[in-house]
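A short worksheet on the structure shown next.
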Amino acid sequence: MRIRPLEPSRPEEIELVASRMRATLVEVLGERTGAAMYTMDWLRRRVRQHLEGGDHVGQVFLAELDDGTIAGHAIVRIDSDEAGGEIGLFSTVYVAPDRRRQGIAAALLRAGESWMRERRLPRAMTYTAETNRRLIRAFEAAGYAIALQSRQMVGLARTL
Numbered sequence: 007m008r009i010r011p012l013e014p015s016r017p018e019e020i021e022l023v024a025s026r027m028r029a030t031l032v033e034v035l036g037e038r039t040g041a042a043m044y045t046m047d048w049l050r051r052r053v054r055q056h057l058e059g060g061d062h063v064g065q066v067f068l069a070e071l072d073d074g075t076i077a078g079h080a081i082v083r084i085d086s087d088e089a090g091g092e093i094g095l096f097s098t099v100y101v102a103p104d105r106r107r108q109g110i111a112a113a114l115l116r117a118g119e120s121w122m123r124e125r126r127l128p129r130a131m132t133y134t135a136e137t138n139r140r141l142i143r144a145f146e147a148a149g150y151a152i153a154l155q156s157r158q159m160v161g162l163a164r165t166l
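Counting the sequence shown from 1 gives a position; the working numbering is that position plus 6.
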C-alpha cells in the first residue's frame, strides 16, 4: 500500500472520494439524515476545494493498494482553532469497510500529520459525531485526546 495525493486531473478519484464522504455520513448519521445532508455536487466541490488552487490550503490523500484499489482517503487543511490560531484539520478520514483494522487509517493519519508538520502547524484536530466510535478510537490510538465536546460532537486533538 502507498499513500499518495489525489490526482486532480482524474475525475474518477474526485467522484470516489465524494461518494465515500456520503457513505461516511450515512454510516454515522443513518440513511435518511446522512444521504439528505449534502448533494453529490456539493461533495465534489468540497473535494476540489482542498486541492491546489481551491478555497482551502489543503490536500486529499489516497490509500492505494498494490492492485490499484483505493482503500481509503483523508482530507486535510489549514484551519483555525477556537482561539483563532492555525491548526491542521482532518476534515475527513475514510477507510472502506472491508479494509478496516489493517493499519490504513493510521497510515493516512501519519501522511496528514506529515503534511501539517511541513507547514509548521502546532496542532492537529478533527471533529466528529460523538457516536462515531470507530473514528474516535482510531484517533485515540494515534495519540489524540478529546479536546472539545458539545451535545453531539467531539473534537480530538494532539500536539504535532
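C-beta: ideal position from N, C-alpha, C; glycine also.
No experiment lies behind these values; they were computed from the predicted model shown.
Where residue i sits in the DSSP three-state scheme
| i | result |
| --- | --- |
| S86 | strand |
| R51 | helix |
| A102 | coil |
| A69 | strand |
| T137 | coil |
| G39 | According to the sequence provided, residue 39 is Thr. The question's Gly does not apply to it. T39 falls in the helix class under three-state DSSP. |
| L12 | coil |
| M46 | helix |
| A153 | strand |
| R107 | coil |
| E92 | strand |
| A148 | coil |
Contact set for residue i: own chain, Cβ-Cβ below 7 Å, skip 5 residues either direction
| i | result |
| --- | --- |
| V23 | L12, V53, V66 and H79 |
Whole-angstrom C-beta distance between residue j and residue i, which should lie under 8 Å
| i | j | result |
| --- | --- | --- |
| L115 | A69 | Wrong, their Cβ atoms sit about 11 Å apart, outside the cutoff. |
| M7 | I110 | 7 Å |
| A41 | V32 | 6 Å |
| Y159 | E124 | One detail in the question is off: residue 159 reads as Met in this sequence, not Tyr. Rounded, the Cβ-Cβ distance is 28 Å, inconsistent with contact. |
| G161 | M131 | 6 Å |
| P14 | L57 | 5 Å |
Start and end residues, alpha helix (DSSP H) containing residue i
| i | result |
| --- | --- |
| R26 | P17 to L35 |
| L115 | I110 to E124 |
First and last residue of the uninterrupted beta strand (DSSP E) at residue i
| i | result |
| --- | --- |
| G161 | M159 to T165 |
7 Å Cβ cutoff, residue i in contact with chain D
| i | result |
| --- | --- |
| E18 | Among the protein chains of the structure shown there is no chain D, as only one such chain exists. |
May I ask you to verify whether the segment 35-49 touches the segment 155-162, counting CB pairs closer than 8 Å and requiring at least 3? no
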